[in-house]
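Colleague:
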Amino acid sequence: MALYMIGDVQGCDDALARLLAHIGFSASRDTLYLLGDLVNRGPRSLAVLRRVMALDGAARCVLGNHDLHLLAVAQGARRAHRSDTLQAVLDAPDRARLIDWLRAQPLALQAHGWLMVHAGLLPQWSVQQTLDLAGEVQAVLRGPRWPDFLHQMYGNQPDRWHDGLQGMDRLRVVVNALTRLRFCNAQGVMDFATKDGAGAAPKGFMPWFDVPERNSAGAPVAVGHWSTLGLMQRPDVLALDTGCVWGGCLSAARLLATPGEVEILQVRCEQAQVPGQA
């Protein structure tokens, strides 16, 4: 049995198919963990969703910002962007089944010693608190009021966590951290304007994983989201968004027997998009 984590697919189904062939993936034997942003910007989001859904228990994923965007557009809570490539999903005869499957996915999961989220963690959060807070959002998305939640989900405020947050303010901070975070300061104030690499941090800010004494330090965390960061391997952080949709690679990390160690396997993506931020 082999275990793999895979970075942002973003609708690049051909690259995903080639990566699965490259690693010799068998749904009867192996397990995939996809780190969010299954859809959008690439040409075949519908095919990606159907492929991953068909793997059933052999594939698990966390939600990314583009996945939430699809849910919001499908519910009329957000207008489609000019660069979106989601129409095939919205027009699909099995649209309802696809949307229901997507909104049932978590924003964080822990397996085989790894915490997996799409973007990042705030410095105040432990691993368990991260999982608990992600569970709060998941419960809303799975519940009857999920369309109302999507209509209120967007916004950059509050831009920091404190334990007294309630209602939509609380849920919005959780969503923004787990699906959008790149930079924050030592107090956990989030910056959403800067989308370049780690060296482009605004004054007083730093990559979330470099905050001194963050409560999740020492626990291996795997993320996607940050294509301008690229592949990064540290003992406590593995970043796997290698810009597939922008003409880079789609990357998988095979978990090795030694805890925290992985083998990186990649395929080039033949579907290069206009340069931009994934």
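The opening residue of the sequence shown carries number 1156 in the numbering used here; numbering runs sequentially from there. All C-beta atoms, glycine included, are put in the ideal place defined by N, C-alpha and C.
Are the segment 1157-1168 and the segment 1349-1362 in contact at 8 Å, needing three or more beta carbon pairs?
Modeller: The answer is no - the segment 1349-1362 does not touch the segment 1157-1168, with fewer than three Cβ pairs under 8 Å.
Colleague: In the DSSP output, which residue or residues are listed as bridge partners for residue 1406?
Modeller: Its beta-bridge partners are 1421.
Colleague: As a quick exercise: from 1266, 1327, 1341, 1202, pick the residue whose alpha carbon is nearest that of residue 1311.
Modeller: With distances taken between Cα atoms, residue 1311 lies closest to 1327.
Colleague: Short of 6 Å in beta carbon distance, which residues of its chain neighbour residue 1437, apart from the five on each side in sequence? Order them along the chain.
Modeller: Since the first residue of the chain shown is 1156 and the last is 1433, residue 1437 is not available in this structure.
Colleague: Flag this pair as touching only if the segment 1294-1312 and the segment 1240-1249 have three or more C-beta atom pairs under 8 Å; answer yes or no.
Modeller: Touching, no.
Colleague: Secondary structure at residue 1269, three-state DSSP: helix, strand or coil?
Modeller: Residue 1269 falls in the strand class under three-state DSSP.
Colleague: When the distance is taken between beta carbons, is residue 1190 closer than 9 Å to residue 1378?
Modeller: Closer than 9 Å, so yes.
Colleague: Would you please state the rounded distance, in angstroms, between the beta carbons of residue 1335 and residue 1362? I believe it to be under 8 Å.
Modeller: Their Cβ separation, rounded to whole angstroms, is 14 Å, which puts residue 1335 and residue 1362 out of contact at 8 Å.
Colleague: Does DSSP classify residue 1264 as helix, strand or coil?
Modeller: In the structure shown, residue 1264 sits in a strand (DSSP, three-state: E or B).
Colleague: Leaving out the 5 sequence neighbours to the left and right, which residues in its chain are closer than 6 Å to residue 1405 when beta-carbon positions are compared?
Modeller: Only 1170, 1174, 1399, 1422, 1424 meet the Cβ criterion.
Colleague: For residue 1260, I'd like the list of residues in its chain whose CB is within less than 7 Å of its CB, leaving aside the five on either flank, ordered along the chain.
Modeller: Same-chain partners within the cutoff: 1216, 1217, 1218.
Colleague: Where does residue 1376 fall in DSSP's three states?
Modeller: Three-state result, residue 1376: strand.
Colleague: Any idea what DSSP makes of residue 1253, helix, strand or coil?
Modeller: Residue 1253: helix per DSSP, three-state reduction.
Colleague: What are the start and end residues of the alpha helix (DSSP H) that includes residue 1243?
Modeller: Taken as a continuous stretch (DSSP letters only), the alpha helix (DSSP H) holding residue 1243 covers 1242-1246.
Colleague: For residue 1413, is the classification buried or exposed, using 16 other Cβ atoms within 10 angstroms of its Cβ as the cut-off for buried?
Modeller: Classification of residue 1413: exposed, given that the 10 Å Cβ count is below 16.
Colleague: Rounded to the nearest angstrom, how far is the Cβ of residue 1193 from that of residue 1226, given a contact under 8 Å?
Modeller: Residue 1193 to residue 1226, Cβ: 12 Å. No contact.
Colleague: Note the first and the last residue of the continuous beta strand (DSSP E) segment covering residue 1349.
Modeller: Unbroken run through residue 1349: none, as it is neither H nor E.
Colleague: In this structure, what does DSSP give as the bridge partners for residue 1362?
Modeller: DSSP output for residue 1362 lists 1338 as bridge partner(s).
Colleague: Buried or exposed: where does residue 1240 fall if 16 or more other Cβ atoms within 10 Å of its Cβ makes it buried?
Modeller: Flag for residue 1240 reads buried.
Colleague: Per DSSP, what kind of secondary structure is residue 1383 in: helix, strand or coil?
Modeller: Three-state result, residue 1383: coil.
Colleague: Compute the distance between the beta-carbons of residue 1415 and residue 1375, then report whether it is under 9 Å.
Modeller: Yes. Within cutoff.
Colleague: Is the beta carbon of residue 1330 sitting closer than 9 Å to the one on residue 1262?
Modeller: For residue 1330 and residue 1262, yes; Cβs fall inside 9 Å.
Colleague: Quick one: is residue 1321 buried, meaning 16 or more other Cβ sit within 10 Å of its Cβ, or exposed?
Modeller: Exposed is the call here.
Colleague: Take the Cβ of residue 1231 as the centre, count every other Cβ of all protein chains shown within 10 Å, and call the residue buried at 16 or more, exposed below.
Modeller: When all chains shown are included, residue 1231 counts as exposed.
Colleague: Please report how far the alpha carbon of residue 1393 lies from the alpha carbon of residue 1158, in whole angstroms.
Modeller: About 15 Å.
Colleague: Cα separation between residue 1179 and residue 1315?
Modeller: Those two C-alpha atoms are separated by around 43 Å.
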